[in-house]
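Notes to accompany the following structure.
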Amino acid sequence: MIDHYDWPGGREAMLRFGPATGPVVIAAMPLFEEANRSRAFMVSILRALAERGIASVLPDLPGTGESLIETEDAILTDWTTAFSSLTDMLSAERPAVHGLALRGGALVDVTARLATRWQFAPASGDVLVRDLLRTRLAGGEKSPAGEAFEFSGPPVELAGNRIGRALLAQLQAAEPAARPPLRVVRLDSDPLPADRKLAGTPLWRRSEPGNDPALAALLADDIAGWIAPCAG
Amino acid sequence: MLPDDIAEIDATVRGVLRDVLGLSEERVAAFRSETPLFGALPELDSMAVAGMLTELEERLGILIEDDEVDGEMLESFGALVRFAATKANQ
Chain A
25 MIDHYDWPGG
35 REAMLRFGPA
45 TGPVVIAAMP
55 LFEEANRSRA
65 FMVSILRALA
75 ERGIASVLPD
85 LPGTGESLIE
95 TEDAILTDWT
105 TAFSSLTDML
115 SAERPAVHGL
125 ALRGGALVDV
135 TARLATRWQF
145 APASGDVLVR
155 DLLRTRLAGG
165 EKSPAGEAFE
175 FSGPPVELAG
185 NRIGRALLAQ
195 LQAAEPAARP
205 PLRVVRLDSD
215 PLPADRKLAG
225 TPLWRRSEPG
235 NDPALAALLA
245 DDIAGWIAPC
255 AG
Chain B
30 MLPDDIAEID
40 ATVRGVLRDV
50 LGLSEERVAA
60 FRSETPLFGA
70 LPELDSMAVA
80 GMLTELEERL
90 GILIEDDEVD
100 GEMLESFGAL
110 VRFAATKANQ
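If you read the sequences in order, they're chains A and B. Read left to right, the first sequence gives residues 25 to 256 (our numbering). Read left to right, the second sequence gives residues 30 to 119 (our numbering).
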């Protein structure tokens with residue numbers, strides 16, 4: 025079901041899944057091109073949660089999806105503010121609001137008053153910015169060796185998105201939310217520490233968008249088990 | 030570097046190519062040292078190269094600078110494994 029939420033900078037769309045009562049999970053998508061590649065996968069996770077009787081919402085962030093704000097005008101604090109506003113709105117209607125973040129989504133829920141956080145393959149901002157800047161190579165634009173990227177100036181086109189340099193500068197310094205209660209799940213190919221590792225493919229890297237319903241179901245089970253003790 | 034490490038890096042590079050390019054397990058298992066990559070694999074366009082390098086960085090815990098990326102390291106599977114092994118050994 026399509027719905028909306030308000031934040032101090034405007035109004036954004038969101039999708040609601042699952043029952044109209046009980047705890048709710050807010051999903052934070054990966055950023056930029058990784059989001060396009062993971063959207064079907066995220067929706068599979070949220071549908072699997074709904075089958076387990078758990079409600080969720082998938083919000084557009086300012087400057088993404090249906091937002092009236094231009095992508096190039098978005099800054100990270102818009103995203104964290106919008107996410108916090110949505111959390112507060114849902115807290116008023118639900119017994120508990122939990123966070124679910126994929127990849128760079130873990131940089132977006134940092135200020136939200138969430139009951140718990142669950143992250144899949146969280147990525148720090150410098151890794152994401154590095155990957156974005158590397159896509160300039162793909163445009164045939166050989167970045168001059170040793171020359172640092174300029175974080176001020178006009179928006180820059182990276183992997184098909186026009187992105188503000190202020191956003192890149194903020195992301196560069198951003199780390200995934202680390203406030204407990206926190207559970208981190210990663211792919212078994214990822215050497216970084218995690219509470220649980222699962223076999224699977226990093227869909228956010230695939231040039232052709234894909235899906236993995238079996239992994240989505242496993243993750244939904246993990247989330248359901250994680251939030252159950254806190255369910256109101 | 031121990032032979033075990035080389036074998037592990039070989040397997041990691043195969044896994045990255047499989048996952049990023051969406052290749053089958055059989056196809057990457059058949060890669061030999063001299064198997065040509067860039068220019069020979071249609072899936073490996075320049076956008077996929079960027080994703081592949083980032084995924085290699087994450088899985089091997091290495092950093093690859095843009096100016097280290099050249100045609101030579103992408104020429105063959107063996108060249109890519111040697112590049113990754115050199116970086117992992119630094």
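Ideal Cβ placement from N, Cα and C applies to all residues, glycine included. Bear in mind the structure is a predicted one, so any value in this text is a computation, not a measurement.
Could you work out which residue in A:Glu199, A:Leu161 and A:Asp150 is closest to Phe175 (chain A) when comparing CA atoms only? The candidate whose alpha carbon is nearest that of Phe175 (chain A) is A:Asp150.
Among the residues of its own chain, which have a CB less than 8 Å from the CB of Ala37 (chain A), if the five just before and after it don't count? Answer for Ala37 (chain A): Ile26, Asp27, His28, Pro83, Asp84, Gly89, Glu90 and Ser91, listed in chain order.
In this structure, how does DSSP classify Asn60 (chain A) when only helix, strand and coil are distinguished? Three-state result, Asn60 (chain A): helix.
Any chance the stretch 40 to 60 of chain A sits against the stretch 228 to 248 of chain A, with 3 or more Cβ pairs inside 8 Å? Output reads yes: the stretch 228 to 248 of chain A touches the stretch 40 to 60 of chain A.
Compare the C-beta of Ser53 (chain B) with all C-beta atoms of chain A and state if any pair is closer than 8 Å. Answer no: the Cβ-Cβ gap between Ser53 (chain B) and chain A never drops below 8 Å.
Give the residues of chain B in contact with Gly234 (chain A), contact being defined as C-beta atoms less than 8 Å apart. Residues of chain B passing the Cβ test: Gly51.
Using a 10 Å radius around the Cβ and a threshold of 16 neighbouring Cβ atoms, would you call Asn185 (chain A) buried or exposed? Asn185 (chain A) counts as buried, since no fewer than 16 other beta carbons sit within 10 angstroms of its beta carbon.
Which stretch, first to last residue, makes up the beta strand (DSSP E) that contains Phe41 (chain A)? Counting along the chain, the beta strand (DSSP E) containing Phe41 (chain A) begins and ends at Gly34 to Phe41.
Determine the DSSP secondary structure at Ser80 (chain A), reduced to helix, strand or coil. Strand, per DSSP.
What do you reckon, are the CB atoms on Leu50 (chain B) and Glu84 (chain B) nearer than 8 Å? No.
So Pro179 (chain A) and Glu96 (chain A) are in contact, right, with Cβ under 8 Å, and what is the actual spacing, rounded? Distance from Pro179 (chain A) to Glu96 (chain A) at the Cβ level is roughly 4 Å; contact confirmed, criterion being Cβ atoms closer than 8 Å.
Whose C-alpha, out of A:Ala52, A:Glu75 and A:Ala79, is nearest the C-alpha of Met66 (chain A)? Nearest option by C-alpha distance: A:Ala52.
Distance check for Val153 (chain A) and Ala172 (chain A), CA to CA, integer angstroms please. Near 13 Å, if we compare the C-alpha coordinates of Val153 (chain A) and Ala172 (chain A).
Around the Cβ of Asp219 (chain A), are there at least 16 other Cβ atoms within 10 angstroms (buried) or fewer (exposed)? The residue is exposed, with fewer than 16 neighbouring Cβ atoms inside 10 Å.
Alpha carbon of Leu206 (chain A) to alpha carbon of Gln143 (chain A), nearest angstrom: So the alpha carbons of these two residues sit roughly 8 Å apart.
Under 8 Å Cβ-Cβ, which residues of chain A neighbour Ala77 (chain B)? By Cβ distance, chain A contributes Ser231.
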